[in-house]
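> Residue numbers (the numbering used here): 946 to 1299. For glycine and all other residues, C-beta sits at the position ideal for the given N, C-alpha and C. None of the values given here were measured: they were computed from a predicted structure. Here it is, the structure in full.
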């Protein structure tokens, strides 16, 4: 079901982004607005689908943590950049407070980002001509370091009764809130579940008419750090400047076309295969510089292809970038993937990886 829902939406978003760039180059501002509306609505629908699918994984106890080491300040900057236009849309002002040296963390960066984006998006939804503040601080209890994130706003606020059910699934403050502001009522429930998966929790305080504040507290190290020698890293990203031969293996023709157009524009020669078995055969025939690999495919899935590639003495060291809607980072890296990107592809991220 996940594959059937997200694959066509990923194609819509991908083509919209390609058209956006081409129309922008032509200077057609009227068309550009329409294309951005298509892209925005497609991304909104995808986010709703992702929320429902995340909830089903949480309920089935199948939600994994993928821990990686990253710079906290960088993530905060990227998150605030992502929500910046949303916050300014209602003439709100975003204030960022970084207290002391935030340092690095070793936790699930994707889930932390989603938690912060959910809270900042919520704050912008319920605040107009006001202030939204993100306060970030690192603390220690003598045994471990903790990351503290507080998102506060000067919005409509909530009553004590509304606060009681705030983190329940499919719940908003009241029915009129849903009608006026939209949403599924899943964002805060998922945020709380993610915080607990990361070993922390989330709390809230609010006063009607005065605004709300949400506080996330998670450990800076979600799991024990693994031996760095066990992680397969990508080669120098400068390789893309010298070009090379990329093999893209994906059963979705739209995904293959989008990857081909993007990579060709970046200076790569591209060959494609429409299933795992033919992709493996082509890899052995052409010995590519990099392989881009989907997971859900006929004849042989991406996991089996990746296993075969890592067992092949000629292809064992060829970097394999997983590009898929299947959120199984841990499995991908354990089988030898060099990087793991989720569809719809963020082209700037893929450019950095290549």
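At 4 residues or longer, and completely inside the segment 1258-1293: list those alpha helix (DSSP H) runs for me, N to C.
Segments of the alpha helix (DSSP H) lying fully in the segment 1258-1293: 1274-1279.
> Here's a check: name, in chain order, each residue in its chain whose Cβ is nearer than 7 angstroms to the Cβ of residue 1271, leaving out the five neighbours to either side.
Within the chain shown, residue 1271 is the residue found at index 326, counting from 1. Around residue 1271: 1240 and 1241.
> How many Å lie between residue 1042 and residue 1138 at the Cα?
For the purposes of this step, residue 1042 is taken as the residue at position 97 of the chain shown. For the purposes of this step, residue 1138 is taken as the residue at position 193 of the chain shown. Cα to Cα, residue 1042 sits roughly 25 angstroms from residue 1138.
> If you count every other CB in all the chains shown that lies within 10 Å of the CB of residue 1282, and 16 or more means buried, which is it?
Stepping through the chain shown from its first residue, residue 1282 is reached at position 337. Residue 1282 comes out buried.
> Quick one: give me the first and last residue of the beta strand (DSSP E) that residue 1093 is part of.
Taking the first residue of the chain shown as 1, we reach residue 1093 at position 148. Per DSSP, residue 1093 belongs to the beta strand (DSSP E) from 1090-1098.
> Buried or exposed for residue 1209, going by 16 or more other Cβ atoms inside 10 Å?
Position 264 of the chain shown, counted from the start, is the residue given in the question as residue 1209. Residue 1209 comes out exposed.
> Residues in the same chain with beta-carbon distance under 7 angstroms from residue 1058, minus the five sequence neighbours each way, listed in chain order, please.
As a working note, residue 1058 is residue 113 in the chain shown. Counting only Cβ-Cβ distances below 7 angstroms, and skipping sequence neighbours, we find 1020 and 1024.
> Short check: CB of residue 1233 to CB of residue 1192, under 7 angstroms?
By 1-based counting over the chain shown, the position of residue 1233 is 288. By 1-based counting over the chain shown, the position of residue 1192 is 247. In contact: residue 1233 and residue 1192 (Cβ atoms closer than 7 angstroms).
> What residue does the alpha helix (DSSP H) around residue 1157 start on, and which one ends it?
As a first step, residue 1157 is located in the chain shown; it is residue number 212 there, counting from the start. Not the alpha helix (DSSP H): residue 1157 falls in the beta strand (DSSP E), residues 1156-1164.
> Among 1243, 1163 and 1297, which residue has its Cα nearest to the Cα of residue 1211?
Reading the chain shown from its first residue, position 266 is the one you call residue 1211. That would be 1297, whose Cα lies nearest to the Cα of residue 1211.
> Count the other C-beta atoms from every protein chain shown that fall within 10 angstroms of the C-beta of residue 1012, then say buried if there are 16 or more, exposed otherwise.
As a first step, residue 1012 must be located in the chain shown, where it is residue number 67. Under this definition residue 1012 is a buried residue.
> How is residue 1073 classed by DSSP in three states: helix, strand or coil?
Position 128 of the chain shown, counting from 1, holds the residue named residue 1073. Residue state, collapsed to three classes: coil.
> On the CB-based measure, 16 or more other CB atoms within 10 Å of its CB, does residue 1225 come out buried or exposed?
Here the question's residue 1225 lines up with position 280 in the chain shown. Buried is the call here.
> Between residue 1335 and residue 1157, is the Cβ-Cβ spacing less than 7 angstroms?
No statement about residue 1335 is possible, as the shown extent of the chain runs from 946 to 1299 and does not include it.
> Compare the beta carbon distance of residue 1153 and residue 1104 with 7 angstroms and say whether it is the shorter of the two.
For the purposes of this step, residue 1153 is taken as residue 208 along the chain shown, with counting starting at 1. For the purposes of this step, residue 1104 is taken as residue 159 along the chain shown, with counting starting at 1. Contact flag set, yes.
> In three-state DSSP terms, what is residue 974?
The residue given as residue 974 occupies position 29 in the chain shown. Note: residue 974 maps to helix in three-state DSSP.
> Could you tell me the alpha carbon to alpha carbon distance between residue 1222 and residue 1141, rounded to whole angstroms?
As a first step, residue 1222 is located in the chain shown; it is residue number 277 there, counting from the start. As a first step, residue 1141 is located in the chain shown; it is residue number 196 there, counting from the start. Using only the alpha carbons, I get a separation of about 40 angstroms.
> Just to confirm the assignment, what range does the beta strand (DSSP E) spanning residue 1038 have?
Translated into the one-based positions of the chain shown, residue 1038 becomes position 93. That run of the beta strand (DSSP E) goes 1038-1044.
> Could you name the residues of the same chain whose beta carbon sits closer than 8 angstroms to that of residue 994, not counting the 5 residues immediately before and after it, in chain order?
Working through the chain shown from its first residue, we reach residue 994 at position 49. The residues are 950, 951 and 954.
> Determine whether the beta carbon atoms of residue 1075 and residue 1037 lie at a separation below 7 angstroms.
As a first step, residue 1075 is located in the chain shown; it is residue number 130 there, counting from the start. As a first step, residue 1037 is located in the chain shown; it is residue number 92 there, counting from the start. In contact: residue 1075 and residue 1037 (Cβ atoms closer than 7 angstroms).
> Buried or exposed for residue 1290, please, with buried defined as at least 16 other CB atoms from any protein chain shown within 10 angstroms of its CB.
Along the chain shown, one-based indexing puts residue 1290 at 345. With 16 or more Cβ atoms within 10 Å of its Cβ, residue 1290 is classed as buried.
> For residue 1218, which residues in the same chain have their Cβ closer than 6 angstroms to its Cβ, ignoring the five residues on either side in sequence?
The residue labelled residue 1218 in the question sits at position 273 within the chain shown. For residue 1218, where only same-chain residues beyond five positions count, the Cβ hits under 6 angstroms are 1194, 1224 and 1227.
> Within its chain, find whatever has a CB closer than 8 angstroms to the CB of residue 1014; leave out the 5 residues flanking it on each side and keep chain order.
Within the chain shown, the letter at position 69 stands for residue 1014. The answer, listed in chain order, is 1049, 1050, 1051 and 1170.
> If we ignore side chains and look at the alpha-carbon of each, how far apart do residue 1056 and residue 1017 end up?
The residue labelled residue 1056 in the question sits at position 111 within the chain shown. The residue labelled residue 1017 in the question sits at position 72 within the chain shown. The straight-line gap from Cα to Cα measures roughly 13 angstroms.
> So, with DSSP's three-state summary, where would you put residue 1062?
The residue given as residue 1062 occupies position 117 in the chain shown. Three-state result, residue 1062: helix.
> Who are the near neighbours of residue 1263 in its chain, counting only those whose CB is closer than 8 angstroms to its CB and skipping five residues on each side?
The residue given as residue 1263 occupies position 318 in the chain shown. Contacts found: 1228, 1232, 1233, 1234, 1235, 1236 and 1254.
> Quick one: Cα of residue 1167 to Cα of residue 1033, how far?
Taking the first residue of the chain shown as 1, we reach residue 1167 at position 222. Taking the first residue of the chain shown as 1, we reach residue 1033 at position 88. If you take the alpha carbons of residue 1167 and residue 1033, they lie about 33 angstroms apart.
> What do you get for residue 1054, buried or exposed, if any count of 16 or more other CB atoms within 10 angstroms of its CB means buried?
For the purposes of this step, residue 1054 is taken as residue 109 along the chain shown, with counting starting at 1. By the 10 Å Cβ count, residue 1054 comes out buried.
> In the DSSP assignment, the alpha helix (DSSP H) including residue 1022 goes from what residue to what residue?
If you number the chain shown from 1, residue 1022 lands on position 77. Going by DSSP, residue 1022 is part of the alpha helix (DSSP H) stretching over 1017-1033.
> Name the two residues that bound the continuous alpha helix (DSSP H) containing residue 1221.
Position 276 of the chain shown holds residue 1221. Where residue 1221 is concerned, the enclosing alpha helix (DSSP H) stretches over 1221-1231.
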